[in-house]
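K.L.:
Sharing a structure below in structure tokens format, with a few things to ask.
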Amino acid sequence: DVKVTQSSRYLVKRTGEKVFLECVQDMDHENMFWYRQDPGLGLRLIYFSYDVKMKEKGDIPEGYSVSREKKERFSLILESASTNQTSMYLCASMGTNKNIQYFGAGTRLSVL
Amino acid sequence: GENVEQHPSTLSVQEGDSAVIKCTYSDSASNYFPWYKQELGKGPQLIIDIRSNVGEKKDQRIAVTLNKTAKHFSLHITETQPEDSAVYFCAGRSAAGNKLTFGGGTRVLVKP
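Quick note, the sequences are listed as chains B and W, same order. Position 97 of the first sequence, counting from 1, maps to 109 under our numbering, and the rest follow consecutively. Position 47 of the second sequence, counting from 1, maps to 54 under our numbering, and the rest follow consecutively.
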């Protein structure tokens, strides 16, 4: 069965902290994505990666960075967390030449 | 870039009735339109998709229609059941890449 695992379901951080959100997939997928989900705004793409060490900016990359050192793991980094980054973060993966994105259960991040 | 708008934002229906969610897109080059369902506490999951060379697709109680000329597509759920209660997202993907652009989501509540 397909599995995308996000390391934390809930996270509370302080303004200015460096935050790491981790995502692991077990399907040997080339493509991985990070989205944030906010009410009424749907899912907005932050960054994606189509191969190890490769990354591309999505629609809202400001304030975020990513790391893909291994194929199965894609990390989202908030260098200095701010209150406007309080949100639900969703990770997804997709195989090459496939259409389906498989999502993790999400990490709800609160920045106080 | 692509812009996808989704309506309504909330939809309440009586069990057994039909539910319809509509989306419009801006990029005439988009050629793939998936629908995702997100149940409480879970990540979105693909329920049906349609390509631009097809006008309609059906899978049991759900169907999707696409009007390329008008650049809109719709999700139809017939004989709704309580387990259809969830948030539904439409999305579009340009022929150029792997990125999906999501609509704002529709919260569907099926009342028993």
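No residue lacks a Cβ here, since even glycine has one placed at the ideal position from N, Cα and C. A quick note: this is a predicted structure, and the numbers were derived from the prediction, not measured.
From the DSSP output, in three-state form, read off W/Thr31 for me.
P.N.:
As a working mapping, residue 31 of chain W is identified with position 24 in the second sequence. W/Thr31: strand per DSSP, three-state reduction.
K.L.:
Would you say B/Tyr76 reaches chain W, if we count a Cβ-Cβ gap shorter than 8 Å as a contact?
P.N.:
Taking the first sequence and counting its residues from 1, one reaches residue 76 of chain B at position 64. So no, B/Tyr76 is outside the interface.
K.L.:
In whole angstroms, what is the alpha-carbon distance linking W/Arg68 and W/Ile84?
P.N.:
Here residue 68 of chain W corresponds to residue number 61 of the second sequence, with the count starting at 1. Here residue 84 of chain W corresponds to residue number 77 of the second sequence, with the count starting at 1. Rounded to whole angstroms, W/Arg68 to W/Ile84 spans 6 Å at the Cα level.
K.L.:
On the premise that B/Leu57 lies in contact with B/Gln49, defined as a C-beta separation below 8 Å, what is that separation, rounded to the nearest angstrom?
P.N.:
Within the first sequence, the letter at position 37 stands for residue 49 of chain B. Within the first sequence, the letter at position 45 stands for residue 57 of chain B. The Cβ separation is near 11 Å, so there is no contact.
K.L.:
Compare the C-beta of B/Ile112 against all C-beta atoms of chain W and say whether one is closer than 8 Å.
P.N.:
Within the first sequence, numbered from 1, the residue matching residue 112 of chain B stands at position 100. Taking Cβ atoms only, chain W reaches closer than 8 Å to B/Ile112, which makes this a yes.
K.L.:
Quick check: what's the CA-CA separation for W/Glu9 versus W/Ser101?
P.N.:
For this step, residue 9 of chain W is matched to residue 2 along the second sequence. For this step, residue 101 of chain W is matched to residue 94 along the second sequence. Straight-line Cα distance between these residues: approximately 7 Å.
K.L.:
Using only the alpha-carbon positions, how far apart do B/Tyr22 and W/Thr76 sit?
P.N.:
For the purposes of this step, residue 22 of chain B is taken as residue 10 along the first sequence, with counting starting at 1. For the purposes of this step, residue 76 of chain W is taken as residue 69 along the second sequence, with counting starting at 1. If you take the alpha carbons of B/Tyr22 and W/Thr76, they lie about 43 Å apart.
K.L.:
Alpha carbons only, please: which of B/Trp46, B/Glu91, B/Lys30 and B/Asn96 is nearest the one belonging to B/Thr17?
P.N.:
By 1-based counting over the first sequence, the position of residue 17 of chain B is 5. Among B/Trp46, B/Glu91, B/Lys30 and B/Asn96, the Cα nearest to that of B/Thr17 belongs to B/Trp46.
K.L.:
Thinking C-alpha only, which one of W/Lys78, W/Thr113, W/Glu22 and W/Leu116 is nearest W/Ser59?
P.N.:
As a first step, residue 59 of chain W is located in the second sequence; it is residue number 52 there, counting from the start. Nearest C-alpha to W/Ser59: W/Lys78.
K.L.:
Please list the partners that B/Tyr62 has in chain W, where partner means a Cβ-to-Cβ separation under 8 Å.
P.N.:
Numbered from its first residue, the first sequence carries residue 62 of chain B at position 50. Under the 8 Å cutoff, chain W gives Asn105.
K.L.:
Give, in chain order, every residue of the segment 56 to 81 of chain W whose Cβ lies closer than 7 Å to some Cβ of chain B.
P.N.:
Taking 7 Å as the Cβ-Cβ cut-off against chain B, the residues of the segment 56 to 81 of chain W that qualify are Asp56.
K.L.:
Can you pull the chain B neighbours of W/Gly110, defined as C-beta to C-beta under 8 Å?
P.N.:
Position 103 of the second sequence, counted from the first residue, corresponds to residue 110 of chain W. The answer, in chain order, is Gly54.
K.L.:
Helix, strand or coil, according to DSSP, for W/Gln13 in the structure here?
P.N.:
Against the second sequence, residue 13 of chain W aligns to sequence position 6. Strand, per DSSP.
K.L.:
Alpha carbon to alpha carbon, how far is B/Gly118 from W/Lys65?
P.N.:
Along the first sequence, one-based indexing puts residue 118 of chain B at 106. Along the second sequence, one-based indexing puts residue 65 of chain W at 58. The alpha-carbon atoms of B/Gly118 and W/Lys65 are separated by roughly 29 Å.
K.L.:
Around the C-beta of B/His41, are 16 or more other C-beta atoms found within 10 angstroms, so that it is buried, or is it exposed?
P.N.:
In the first sequence, residue 41 of chain B corresponds to position 29, counting from 1. Classification of B/His41: buried, given that the 10 Å Cβ count is 16 or more.
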